[in-house]
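Notes to accompany the following structure.
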Amino acid sequence: PCLQRKIAEYFISG
Amino acid sequence: MLELRLVQGSLLKKVLESIKDLVNDANFDCSATGFSLQAMDSSHVALVALLLRSEGFEHYRCDRNISMGMNLGNMAKMLKCAGNDDIITLKADDGSDTVTFMFESPTQDKIADFEMRLMDIDSEHLGIPEAEYHAILIMPSAEFARICKDLSSIGDTVVISVTKEGVKFSTRGDIGTANVVCRQNTTVDKPEEATVIEMPEPVSLTFALRYLNSFTKATPLSNTVTISLSSEIPVVVEYKIAEMGYIRFYLAPKIEE
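So the protein lines, in turn, are chains A and B.
With our numbering as the guide, the letters of the first sequence map in order to residues 1 to 14.
With our numbering as the guide, the letters of the second sequence map in order to residues 1 to 257.
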């Protein structure tokens, strides 16, 4: 099984 | 006061058709640079970034930076009422809670205006860091759309693997497996038919086909698509919008647990 990452884990908020 | 006149109105129609199913509501930002949007899908797995540069508009007036919240489904409904050859003008007065889309037929014998209510959208703006990609794949957009569609009838995820030999799209599902290999091919009659793999460092990443299929709704915007891959970071699927800018889709990878 693969875990779907969220986009905000890679990009900087703000 | 905002007034943006786009002679090739069909571009805006195509942009909306390509993102309306991925993103429900979004803020369109208007500045001296251009008309732009950044938004995530509702599950925060994909992000879309659109830029239509001010130089691409026949008339571009934006007195101050403004952000206009719109429901993309409603905006798409309004733009569907514009003819493919129509000139589209967006207008908004300072402090107004509406935007007006004006559609002019090429012969000026029909002029329509549609007013839409704006929304307050509390959206998170993400900074996208500069990344060096291990592999950049440029291929006909229709070919990429075909591969995503075909593979999604077999499985839910695709493994995109780049080697010096080419790029392989693989999936597996209950009924079996599928692999599509595209080799670099620059000996074609037209440059837009070429498949080019730049900086082919070996890279292999897994993505949900549902999102890639959604991105391919932007296929009518460009004959080619550029897919940038690097280990363990989101893929970028970019459709250039002739003379004006781009629409970029970012998709977070799936990682083995």
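Where is the CB? At the ideal position from N, CA and C, for every residue including glycine.
Using 8 angstroms for Cβ pairs, my map puts residue i next to residue j. What's the rounded Cβ distance?
i, j, result
"B/MET139", "B/ASP25", "That pair is no contact at about 32 angstroms."
"A/PHE11", "B/ILE128", "5 angstroms"
"B/PHE28", "B/MET78", "Contact flag wrong, Cβ pair sits at about 13 angstroms."
"B/SER18", "B/LEU221", "7 angstroms"
Is there a C-beta anywhere in chain A that falls below 7 angstroms from the one on residue i?
i, result
"B/THR206", "yes"
"B/LEU126", "yes"
"B/LYS254", "yes"
"B/ILE160", "no"
"B/ILE233", "yes"
"B/LEU47", "yes"
"B/GLU257", "yes"
"B/HIS44", "yes"
If you compare alpha carbons, which of the options is closest to residue i?
i, options, result
"B/VAL45", "A/PRO1, A/LYS6 and A/CYS2", "A/LYS6"
"B/GLY166", "B/CYS182, B/SER152, B/SER204 and B/GLU143", "B/CYS182"
"B/TYR60", "B/GLU192, B/LEU2, B/ARG210 and B/THR226", "B/LEU2"
"B/SER54", "B/TYR246, B/GLU256 and B/PRO253", "B/TYR246"
"B/THR157", "B/ALA32, B/ARG172 and B/VAL236", "B/ARG172"
"B/PHE215", "B/MET68, B/CYS30, B/LEU52 and B/LEU16", "B/LEU16"
"B/ALA208", "B/GLU256, B/PHE114 and B/ALA32", "B/GLU256"
"B/TYR133", "B/ARG5, B/VAL237 and B/LYS254", "B/VAL237"
"B/SER10", "B/LEU229, B/GLY83, B/LEU51 and B/TYR211", "B/GLY83"
"B/ALA131", "B/LYS14, B/SER230, B/TYR250 and B/PHE28", "B/SER230"
"B/ASN74", "B/GLU198, B/VAL99 and B/LEU51", "B/VAL99"
"B/ASP93", "B/ARG64, B/LYS110 and B/GLU104", "B/ARG64"
"B/LEU72", "B/LEU12, B/SER222, B/TYR211 and B/MET244", "B/LEU12"
"B/HIS125", "B/GLY155, B/VAL48 and B/ILE233", "B/VAL48"
"B/LEU6", "B/GLN184, B/ILE233, B/GLY56 and B/LYS190", "B/GLY56"
"B/THR226", "B/GLU232, B/CYS62, B/TYR250 and B/MET70", "B/TYR250"
"B/ASN185", "B/LYS164, B/SER152 and B/LEU205", "B/LYS164"
"B/LYS168", "B/PHE144, B/TYR211 and B/PHE101", "B/PHE144"
Is it right to say residue i is buried, meaning 16 or more other beta carbons lie within 10 angstroms of its own, or is it exposed?
i, result
"B/ASP86", "buried"
"B/GLN334", "Absent from the model: residue 334 of chain B. The displayed extent of chain B is 1 to 257, so no value can be given."
"B/CYS148", "buried"
"B/THR224", "buried"
"B/SER141", "buried"
"B/LYS20", "buried"
"B/ILE88", "buried"
"B/GLU115", "exposed"
"B/ILE160", "buried"
"B/GLU261", "Only positions 1 to 257 of chain B appear in the structure, and residue 261 of chain B is not among them; the question remains open."
"A/SER13", "exposed"
"B/ALA39", "buried"
"B/LYS254", "buried"
"B/SER43", "exposed"
"B/SER228", "buried"
"B/ALA252", "buried"
"B/LYS14", "buried"
"B/ILE111", "exposed"
"B/SER31", "exposed"
"B/ILE175", "exposed"
"B/GLY95", "exposed"
"B/LEU50", "buried"
"A/LEU3", "exposed"
"B/GLU104", "buried"
"B/PRO191", "exposed"
I'd like the ranges of any beta strand (DSSP E) spanning at least 3 consecutive residues and lying wholly in the stretch 59 to 85 of chain B. 59 to 62 and 66 to 71
Scan the stretch 156 to 195 of chain B and note each continuous beta strand (DSSP E) run of 3 residues or more that stays entirely inside, going in chain order. 157 to 163, 166 to 173 and 176 to 182
4-residue-minimum alpha helix (DSSP H) runs that sit fully inside the stretch 2 to 68 of chain B, ordered along the chain: 10 to 19
Whole alpha helix (DSSP H) elements within the stretch 102 to 131 of chain B, 4-residue minimum: none
Alpha helix (DSSP H) segments (min. 4 residues) lying fully within the stretch 203 to 242 of chain B: 209 to 215
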